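Residues in the sequence shown are numbered consecutively from 57, following my numbering.
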Amino acid sequence: MLRNKSYKVLGILMALMLFAGCGAAAEDTAEPELLLGFSQIGSESAWRIGNTRDIESAAEEHGVSLMFENANQSQANQIDAIRRFIAYKVDVIAFSPIVEDGWDNVLMEAREAGIPVILVDRDIKTEIDGLTTCLIGADFYNEGVMAAEYLIRKADELGLESVNIVEITGTENSTPMRQRQAGFADTIAGDERMHILESIDGDFLKSRGAECMRYLLDTYGDEIDVVYSHNDEMTLGALPEIENSDLVPGQDIIIISIDAGQEAIDVLKEGRINCVVECTPNLGDELMETALRLKNGEQVEAVIHPVEQVFSDEMDVDSIGPRGY
Ligand code: AHR
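Structure, rendered in structure tokens:
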């Protein structure tokens with residue numbers, strides 16, 4: 057609400073400046089270096105909230121005027137927001153696409169208006185060249201690889217001969233869902249001990265994580281050796297369900313999560329999660345610097361991935377510092 061209000065205030069100010077014929081008051085006002093429209097997916101996770109916070113503070117630090125829109129998990133809302141950014145004639149548009157398909161029309165409109173578009177966090181699928189300039193976000197495939205590599209090491213350490221895995225996946229047709237699944241599946245493919253019993257859509261939500269885990273426990277019971285969950289939120293939803301079934305997460309079932317937010321790291325320290333692969337939400341500085349370069353007509357890199365690490369029971373978990381999200 058607050059953000060929408062500041063968006064409106066910014067709009068009113070711009071309109072006043074226009075209708076006043078750019079008079080003396082407007083001339084005195086220092087123009088922001090850059091007007092950036094950013095459409096966020098929603099507030100589905102601590103990760104997403106941390107990402108929003110980081111983008112807002114980076115905008116402030118870089119003197120960027122930010123038009124922020126929260127789409128509340130709706131692709132239609134994101135498309136509407138991008139159209140509003142085009143109407144406002146922002147300098148650069150950035151957005152985190154909730155799913156990969158369905159962006160061609162609105163992005164062709166942005167291209168027509170001559171406004172460069174930056175993808176943040178997630179990618180899109182398109183047959184059309186040149187709709188976006190670059191992608192700033194995690195290497196989700198590698199996150200899946202790192203999760204699987206941990207599991208292979210853990211199975212070796214425990215001397216397991218057969219490993220039954222259930223996978224709780226993120227939002228269907230989203231980049232992290234597809235790539236975390238592929239990276240994990242490709243990495244365990246050569247290991248005959250590994251069997252995925254089922255992959256089920258948890259939509260990156262805590263409540264869905266709990267529902268999925270309930271169903272998986274009802275269906276497979278103590279056959280489950282491993283839960284591979286595509287984000288912390290779903291993992292945190294799943295853990296109480298495991299405990300309600302008189303199983304001990306981290307001991308009876310190996311728990312692997314992705315994001316490495318504070319709450320999951322605290323649970324890792326308690327021994328109820330075994331491994332958390334980092335996915336950093338801190339993309340704000342890179343976004344502001346890239347947007348400023350685009351406004352100045354400079355070339356930017358097509359893909360920018362942050363460096364990420366793995367936190368697990370293989371390390372001294374007490375040495376892990378505050379995560380900030
Ligand atoms: O796209 C990044 C993913 O989206 C994060 O892993 C998840 O927590 C968020 O909702």
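The C-beta atom is built at its ideal place from N, Cα and C for all residues, glycine as well. Please read all numbers here as calculations on a predicted model, not as lab measurements.
Can you find the residues in the same chain that come closer than 6 angstroms, C-beta to C-beta, to residue i, ignoring five residues on each side of it along the sequence?
{"i": "Pro305", "result": "Leu295, Ile298, Ile311 and Arg328"}
{"i": "Leu72", "result": "Confidence at Leu72 is low in this model, with a pLDDT of 48, below 50, so the placement of that residue is unreliable and no value is reported for it."}
{"i": "Gly79", "result": "The pLDDT assigned to Gly79 is 43, lower than 50, so where the model puts this residue is not dependable; a value taken from the coordinates is nonetheless given after this. Hits under 6 angstroms: none found."}
{"i": "Arg264", "result": "Gly258"}
{"i": "Glu228", "result": "Asp257"}
{"i": "Glu254", "result": "Val222"}
{"i": "Ala81", "result": "Because the pLDDT at Ala81 is just 44, under 50, the model does not fix this residue reliably, and the value given afterwards should be weighed accordingly. Excluding positions up to five away in sequence, the list is empty."}
Going along the chain, which residues of its own chain have a beta-carbon closer than 7 angstroms to the beta-carbon of residue i, five neighbours each way excluded?
{"i": "Leu350", "result": "Val148, Pro172, Thr189 and Val356"}
{"i": "Lys262", "result": "Glu289, Met290, Leu292 and Gly293"}
{"i": "Thr182", "result": "Trp159 and Asp160"}
{"i": "Ile376", "result": "Ile321 and Phe367"}
Comparing alpha-carbon positions, which option in the options lies nearest residue i?
{"i": "Gly380", "options": "Ser95, Ala132 and Gly106", "result": "Gly106"}
{"i": "Arg167", "options": "Glu319, Arg139 and Arg178", "result": "Arg139"}
{"i": "Gln318", "options": "Gly98, Asn338 and Trp103", "result": "Trp103"}
{"i": "Gly215", "options": "Arg249, Leu253 and Asp259", "result": "Arg249"}
{"i": "Leu339", "options": "Leu90, Ala194 and Gly293", "result": "Ala194"}
{"i": "Val155", "options": "Pro362, Arg234 and Lys325", "result": "Arg234"}
{"i": "Ser368", "options": "Lys181, Asn330, Met164 and Met290", "result": "Asn330"}
{"i": "Glu89", "options": "Asp110, Cys335 and His118", "result": "His118"}
{"i": "Pro378", "options": "Asp322, Val332 and Glu345", "result": "Asp322"}
{"i": "Glu125", "options": "Glu116, Ala115 and Gly98", "result": "Gly98"}
{"i": "Glu217", "options": "Thr225, Leu207 and Ile224", "result": "Leu207"}
{"i": "Glu269", "options": "Ala241, Gln131, Asp157 and Ser301", "result": "Just to set this straight, residue 269 is Met in the shown sequence, not Glu. Of the listed residues, the one whose Cα sits closest to Met269 is Ser301."}
Could you pull out every residue in the same chain whose Cβ sits closer than 8 angstroms to the Cβ of residue i, ignoring the five residues on either side in sequence?
{"i": "Ala150", "result": "Leu92, Gly93, Phe94, Ser95, Val173, Ile174, Leu175, Val176, Leu343 and Ala347"}
{"i": "His286", "result": "Glu223, Ile224, Thr225, Gly226, Pro232, Met233, Arg236, Gln237, Gly258, Phe260 and Ile314"}
{"i": "Asp84", "result": "Confidence is the limiting factor: at Asp84 the pLDDT is only 47, short of 50, which leaves the residue's position unreliable and the question unanswerable from this model."}
Residue range of the alpha helix (DSSP H) that residue i falls in?
{"i": "Cys52", "result": "Since the first residue of the chain shown is 57 and the last is 381, residue 52 is not available in this structure."}
{"i": "Val207", "result": "Sequence inspection shows Leu at residue 207; the Val mentioned does not correspond to that position. Phe196 to Leu214 is the extent of the alpha helix (DSSP H) around Leu207."}
{"i": "Met344", "result": "Gly340 to Lys351"}
{"i": "Ser113", "result": "Ala102 to Glu117"}
Can you determine whether any heavy atom of the ligand AHR sits closer than 7 angstroms to the C-beta of residue i, and answer yes or no?
{"i": "Trp103", "result": "yes"}
{"i": "Glu100", "result": "yes"}
{"i": "Glu345", "result": "no"}
{"i": "Asp177", "result": "yes"}
{"i": "Pro232", "result": "yes"}
{"i": "Phe151", "result": "no"}
{"i": "Cys335", "result": "yes"}
{"i": "Ile314", "result": "yes"}
{"i": "Gly226", "result": "yes"}
{"i": "Glu116", "result": "no"}
Under 8 angstroms between C-beta atoms, does residue i make it to chain B?
{"i": "Ile280", "result": "Absent here is chain B; the protein component of the structure consists of one chain."}
State the start and end residues of the unbroken beta strand (DSSP E) segment that holds residue i.
{"i": "Ala150", "result": "Val148 to Phe151"}
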